[in-house]
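Just below is one structure, and these are the notes that go with it.
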Amino acid sequence: MLSLRTYAPPRAVRVFLCLVIFLISIPSLRAQNGSSFWTPSDSLNKKRLRGLLIAEGAVYGVTMIGLNQLWYADYPRSSFHFFNDNKEWLQMDKMGHMTTGYYVGRLGIKAMQWTGAGPRKQLWLGGSLGFMFLTTIEILDGFSSEWGASWGDLVANGTGAGLVMAQHACWQEQRITPKFSFHRSMYAEYRPDLLGHGLNEELLKDYNGQTYWLSVSPRSFLGKDRVTWWPGWLNVALGYGADGMTGGSENHPITQGQGVYVTPERYRQFYFSLDVDLTRIETRSKALGFLFNTFGFIKFPAPALELNRLDGWRFHPVYF
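So for the sequence shown, the working numbering puts the first residue at 1225; every next one is plus one.
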């Protein structure tokens, strides 16, 4: 019998993909309000820092208590242990952990900049926020007999945090940005309990439809002053996805008409595309500024070139 972990994506991915939309919208409020309150302080504002730490502690506490009651309370506890899930979902869940760790850390840096904290505090207290948040969830997993902490998840969490921290330390800007896109796959209808009932659940559960990207700003690397012909908002994106998965570690047969059972073949997908960095688009519209900052983590639909071992090269006129 397969473990329950096989039948549900990791808690961090399911919970934090929902939270990221809310979390990354907070800094964008500055675009909506010209008041001095939302303007980053030029020097350390102890009142702001104290308020921020209290707010982060409160959100952290409420979130962890809620997760414990809604997710872990119904399952028996155990001594702390690890669970190796590194072969599941062709590592798509690890990409979700990495992306989440990055964006929560990015929010933490922006929040510390708002307080006027120095570069080191911005880097270490802000950038590590995602890793600390997600690591706590791994600890909760480790004390649940149904799951267990995952070394792979911890590495992915650290990779996301490291990506945002390294760029902040080296360039004081984010030139390489993880992004997310989704399209509905054919497999959810055959295994809805595992891959989701309807679009809202499939968005979080069906890894066949998810694609994770690294969106790179060529103009930032080539020089903003020298390469004026390349739009600052136009990025190059490298993507990773997987398809044919009807189970976590191994596939289960599905029925395709008149009792015919087939077992899909699992395979990885690699993509090359262009992307629009919404956060780099200058606008005087407060509403557009808010939307650009809130949904900047979504890969912009565009033509894409795909490579996989089954079909070789494929061209998508528009890929979501």
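Ideal Cβ positions, reconstructed from N, Cα and C, are used throughout, including at glycine.
- Rounded to whole angstroms, Tyr1491 and Leu1387 show a C-alpha spacing of 27 Å.
- For the pair Phe1539 and Ser1409, the Cα-to-Cα distance works out to about 18 Å.
- Three or more Cβ pairs closer than 8 Å define a contact, and the segment 1468 to 1485 falls short of that threshold against the segment 1501 to 1510.
- Within the same chain, Ser1405, Gly1463 and Gly1465 come within 6 Å of Thr1435 by CB-CB distance, once the 5 residues on both sides are set aside.
- Between Gly1520 and Asp1501, the alpha-carbon positions lie close to 7 Å from each other.
- Phe1406 has Gln1434 as its beta-bridge partners, per DSSP.
- Pro1416: member of the alpha helix (DSSP H) spanning Pro1416 to Leu1419, first to last residue.
- For Val1388, DSSP records no beta bridge to any residue.
- Inclusion of Ala1335 and Gly1354 in the CB contact set at 7 Å is not warranted, their separation being larger than that value.
- Bounds of any beta strand (DSSP E) do not take in Leu1446; it lies within the alpha helix (DSSP H) bounded by Pro1442 to Leu1446.
- With a cutoff of 7 Å on beta-carbon distance, Ser1368 and Tyr1296 are scored as near each other.
- If you draw a straight line from the Cα of Lys1523 to the Cα of Thr1263, it is about 28 Å long.
- Short of 7 Å from the beta carbon of Met1319, and not among the five residues preceding or following it, lie these beta carbons of its own chain, in chain order: Tyr1436 and Tyr1464.
- Excluding sequence positions up to five before and after Gly1456, its CB lies within less than 6 Å of the CB of Arg1443 and Arg1504, all in the same chain and listed in chain order.
- Membership of Asn1459 in any alpha helix (DSSP H) is not indicated; the residue belongs instead to the beta strand (DSSP E) covering Leu1458 to Asp1467.
- DSSP lists Ile1478 as the bridge partner or partners of Val1486.
- Straight-line measurement puts the Cα of Val1379 at about 35 Å from the Cα of Val1486.
- Membership of Val1283 in the alpha helix (DSSP H) is indicated by the continuous run Lys1270 to Leu1291.
- In the structure shown, the three-state DSSP call for Pro1343 is helix.
- Closest option to Leu1349, judged by alpha-carbon separation, among Ile1363, Glu1362, Leu1331 and Asp1365: Leu1331.
- With at least 16 other beta carbons inside 10 angstroms of its own, Val1328 counts as buried.
- Going by DSSP, Ala1528 is part of the beta strand (DSSP E) stretching over Ala1526 to Asn1532.
- The C-alpha of Pro1402 lies about 33 Å from the C-alpha of Lys1271.
- Contact annotation: Tyr1414 and Trp1313 have beta-carbon atoms that are not nearer than 7 Å.
- When secondary structure is reduced to three states using DSSP, Asp1535 falls in the coil class, being assigned neither helix nor strand.
- Apart from sequence neighbours up to five positions away, the residues of its chain that approach Glu1530 with a beta-carbon distance below 6 Å are Gln1493, Tyr1495 and Arg1538, ordered along the chain.
- Of the other Cβ atoms in all chains shown, 16 or more fall within 10 Å of the Cβ of Thr1339; this residue is therefore buried.
- Short of 8 Å from the beta carbon of Ser1352, and not among the five residues preceding or following it, lie these beta carbons of its own chain, in chain order: Gly1329, Gly1332, Ala1385 and Met1389.
- DSSP places Phe1496 in the strand class (E or B) of the three-state scheme.
- In the displayed model, Val1328 falls within a helix according to three-state DSSP.
- Sequence-distant Cβ neighbours of Ile1478 in its own chain, meaning closer than 8 Å and more than five residues away, are Tyr1411, Tyr1414, Arg1415, Thr1470, Tyr1485, Val1486, Thr1487 and Pro1488.
- In the displayed model, Arg1450 falls within coil according to three-state DSSP, outside both helix and strand.
- Ser1441 is classed as buried because its beta carbon has at least 16 other beta carbons within 10 Å across all chains shown.
- In the three-state reduction of the DSSP assignment, Thr1401 falls in the strand class, which pools E and B.
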